[in-house]
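Numbering (this note's numbering), first residue to last: 1 to 264.
Presented below is the structure to which this report refers.
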Ligand SMILES: [Ca+2]
């Protein structure tokens, strides 16, 4: 395993990479601090593996070791340099919730919560709004996300569907799904969040199914029609199918065009 080091030496910052096997630990793992010997020829230029732990080495010849690290250890390289190690390990996180978010113009973002108890073949939550530039699923965790990890999307037949990409926003991993067809059951699997956490969510994408019963019918069309002309608020945002910020005739027409459709 490689670990990344950033080294401040004589007031300059350089990045070095070093393999774990090159570090000689004088103390057992798990201790709050330890002394290590780093043979000088084992420090190589390069960018560290950001998916693993990050270390910062600070100090210079003859300098006192810098302070301020939360976890630190003295280092002695064979050349006689002394460094301080700042060790930061990505926070272990657990999933709290998942929701499908769309920004309705000036009205701002509105979220459809995803029932995490449902399998992709079950009574999944429904996103009735159009895909636009992509569906965005927020996977909300209980701590700061520093490594987004990878997402994969599949349908109810376990076949890959669409393209899933990940991004970080605070405690959220945002999965953007593109290329998802209408009337689709989709399962998203996240792996490697902050290095090791995983999460799964399944939902249905069915345009116009504003009452979320997994079929778009005249009932849905009537519901959208009844809210035509309304600015988007929490009570009616599902009816703004094109996420413009107002429920309009275009939304009624979109629902009408899909009337009779259903999830597989
Ligand atoms: Ca419906």
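Just so you know, even glycine gets a beta-carbon here, dropped at the ideal spot from N, CA and C.
State buried or exposed for residue i, treating a residue as buried only when at least 16 other CB atoms are found within 10 Å of its CB.
| i | result |
| --- | --- |
| residue 160 | exposed |
| residue 137 | buried |
| residue 119 | exposed |
| residue 216 | buried |
| residue 264 | exposed |
| residue 220 | buried |
| residue 121 | exposed |
| residue 248 | buried |
| residue 100 | buried |
| residue 223 | buried |
| residue 151 | buried |
| residue 252 | buried |
| residue 233 | exposed |
| residue 218 | exposed |
| residue 117 | exposed |
Are residue i and residue j closer than 8 Å when you measure CB to CB?
| i | j | result |
| --- | --- | --- |
| residue 125 | residue 208 | no |
| residue 156 | residue 240 | no |
| residue 114 | residue 98 | yes |
| residue 139 | residue 175 | yes |
| residue 245 | residue 106 | yes |
| residue 261 | residue 202 | no |
| residue 238 | residue 128 | yes |
| residue 257 | residue 242 | no |
| residue 167 | residue 153 | no |
| residue 149 | residue 173 | yes |
| residue 178 | residue 190 | no |
| residue 162 | residue 180 | yes |
| residue 142 | residue 96 | yes |
| residue 131 | residue 171 | no |
| residue 192 | residue 90 | no |
May I ask you to list the residues that DSSP assigns as paired with residue i?
| i | result |
| --- | --- |
| residue 110 | 102 |
| residue 97 | 140 |
| residue 91 | Beta-bridge pairing links residue 91 to no other residue. |
| residue 200 | 189 |
| residue 215 | 262 |
| residue 246 | 231 |
| residue 205 | 127 and 184 |
Along the chain, which unbroken stretches of the alpha helix (DSSP H) at least 4 residues long are found entirely within the stretch 118-197?
none
Give me every residue whose Cβ sits closer than 5 Å to any heavy atom of ligand 1, in chain order.
209, 211, 213 and 220
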